[in-house]
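**Q**
Numbering (our numbering), first residue to last: 4 to 201.
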C-alpha cells in the first residue's frame, strides 16, 4: 500500500516538475522571476537534479526513518546555505562540492551503504550546504529572495519524492539492481561535473 502511494506521489511530483520554466543554472547571471526561477534551478541543472534524486533514493534504501529524515535535513540545511550565499559569505569549491555530492550519494546507493541515521543526516546536510550556497549566490537581482527560496525548496522536495518513489521499487531483485544501476549513473554524472569543476 505504501509503495503504491509513493509511486503515485512520485508520478505527480515528476509531472509538476515538467511545468518548470527554463533556467540557466550556474551562469552567474541570474534570471528574473523569483519563485519560477527558484523552482526551475534544481530541476534544470543536471548536477542538482541527480543529487536531489539521490537523496530520495538513498533515503528509501535506508527504510522508513531515512525516507523522512533525509528529505527534511537536505532542504533545511540547503536553506541555511542559501542564506550564507545571499549574505555573500565565501564558501570554498561550491561547484566541486555539488558535483562530489552526486558522486558520493550515487556510490552510497550502488553499495547500499546503511550507516547510522545520524551519520546519513550529516552526510546529506554537508552536501546540502553546497547546493544551498549556489542557489543563494545565484539569486536573480530582480527576484524576491523569499519567493526564490520557496521555489527551490519546493522543487528540491519534489525531486526527493521522485527519488523515494523510485527507491520504493527496490523490493524485488530486478528493482534492487535498477536502483543500484541508477546510483551508478548518478555517480557518473557527478564525476563528469566534478572534472569540469576542478
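Note that beta-carbon positions come from the ideal geometry of N, C-alpha and C, so glycine has one too.
Model, not experiment: these values are computed from the prediction.
1) Going by DSSP in three states, residue 174 sits in which element: helix, strand or coil?
2) Look at the Cβ atom of residue 3, then the Cβ atom of residue 110, and state whether they are nearer than 8 Å.
3) Could you tell me whether the Cβ atoms of residue 189 and residue 112 are closer together than 8 Å?
4) Count the other CB atoms within 10 Å of the CB of residue 90; is the residue buried (16 or more) or exposed (fewer)?
5) Taking the alpha carbon of residue 115 as the reference point, which residue from 194, 69 and 61 has its own alpha carbon closest?
6) Assuming residue 172 and residue 182 make a contact with CB atoms under 8 Å, what is their CB distance in whole Å?
7) Determine the closest residue to residue 37 out of 195, 122, 83 and 141, with distance taken between C-alpha atoms.
8) Quick one: Cα of residue 154 to Cα of residue 41, how far?
9) From 169, 132, 92 and 192, pick the residue whose C-alpha is nearest to that of residue 78; which is it?
10) In angstroms with no decimal places, state the Cα-to-Cα distance between residue 80 and residue 66.
11) Just to confirm my understanding: we take residue 70, look at its own chain, exclude 5 residues before and 5 after, and list those with CB closer than 6 Å. What are they?
12) Taking just the CA atoms, how far does residue 88 sit from residue 139?
13) Would a C-beta distance cut-off of 8 Å place residue 73 and residue 123 closer than the cut-off?
14) Which first and last residues belong to the alpha helix (DSSP H) in which residue 77 is found?
**A** Based on what the coordinates show:
1) If you number the chain shown from 1, residue 174 lands on position 171. If DSSP states are grouped into helix, strand and coil, residue 174 belongs with coil.
2) Given a span of 4 to 201 for the chain in the structure shown, any question on residue 3 remains unanswerable.
3) As a first step, residue 189 must be located in the chain shown, where it is residue number 186. As a first step, residue 112 must be located in the chain shown, where it is residue number 109. In contact: residue 189 and residue 112 (Cβ atoms closer than 8 Å).
4) Working through the chain shown from its first residue, we reach residue 90 at position 87. Per the 10 Å Cβ criterion, exposed.
5) For the purposes of this step, residue 115 is taken as the residue at position 112 of the chain shown. Closest option to residue 115, Cα to Cα, is 61.
6) As a first step, residue 172 is located in the chain shown; it is residue number 169 there, counting from the start. As a first step, residue 182 is located in the chain shown; it is residue number 179 there, counting from the start. The Cβ separation is near 7 Å, so the contact holds.
7) Start at 1 with the first residue of the chain shown, and residue 37 comes out as number 34. Closest option to residue 37, Cα to Cα, is 141.
8) One-based indexing of the chain shown puts residue 154 at position 151. One-based indexing of the chain shown puts residue 41 at position 38. C-alpha separation (whole angstroms): 4 Å.
9) The residue you call residue 78 lines up with position 75 of the chain shown. Of the candidates 169, 132, 92 and 192, the one whose C-alpha sits nearest the C-alpha of residue 78 is 132.
10) As a working mapping, residue 80 is identified with position 77 in the chain shown. As a working mapping, residue 66 is identified with position 63 in the chain shown. Rounded to the nearest angstrom, the two C-alpha atoms are 21 Å apart.
11) Within the chain shown, residue 70 is the residue found at index 67, counting from 1. Closer than 6 Å at the Cβ level, and outside the excluded window around residue 70, lie 62, 63 and 167.
12) Stepping through the chain shown from its first residue, residue 139 is reached at position 136. Stepping through the chain shown from its first residue, residue 88 is reached at position 85. Taking the straight line joining both Cα atoms gives about 4 Å.
13) Locating residue 73 in the chain shown gives position 70, where the first residue counts as 1. Locating residue 123 in the chain shown gives position 120, where the first residue counts as 1. Yes.
14) For the purposes of this step, residue 77 is taken as residue 74 along the chain shown, with counting starting at 1. Residue 77 -> alpha helix (DSSP H) spans 67-89.
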